[in-house]
Amino acid sequence: MTVGIAETVIVGSKGEVVLPRKVRGELGLKPGDELELRLEEDCIVLRKKAGRFAAYLERLGRR
9 MTVGIAETVI VGSKGEVVLP RKVRGELGLK PGDELELRLE EDCIVLRKKA GRFAAYLERL
69 GRR
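Mapping of the sequence shown onto our numbering: residues 9 to 71, in sequence order.
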């Protein structure tokens, strides 16, 4: 995965943003994929949501 991609996006009238093609490609995002959105101080963090099995394994590792 490429590190350090910086892009500027514009917020539309309904609050939507379009992820640049390069970002979607690097993350393998397809229409319908879910993202987690988190606010951290003055930052918006979007993260590709893990599938059910991956989320289960992640929870096991936290115990």
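Note that the Cβ used here is the ideal one computed from N, Cα and C, for glycine as well.
CB-CB length for residue i against residue j, believed under 8 Å
i      : j      : result
Lys-57 : Leu-47 : Actually they do not touch by this definition, with Cβ atoms about 16 Å apart.
Lys-30 : Ile-13 : 6 Å
Whole-angstrom distance between residue j and residue i, CA atom to CA atom
i      : j      : result
Glu-66 : Leu-54 : 18 Å
Thr-16 : Glu-34 : 16 Å
Asp-50 : Leu-68 : 31 Å
Ile-18 : Val-26 : 8 Å
Gly-20 : Gly-59 : 29 Å
Next on the checklist: Going residue by residue through the region 31 to 71, where are the continuous beta strand (DSSP E) segments of at least 3 residues, counting only ones entirely within it?
Outcome noted: 43 to 48, 51 to 56, all fully within the region 31 to 71.
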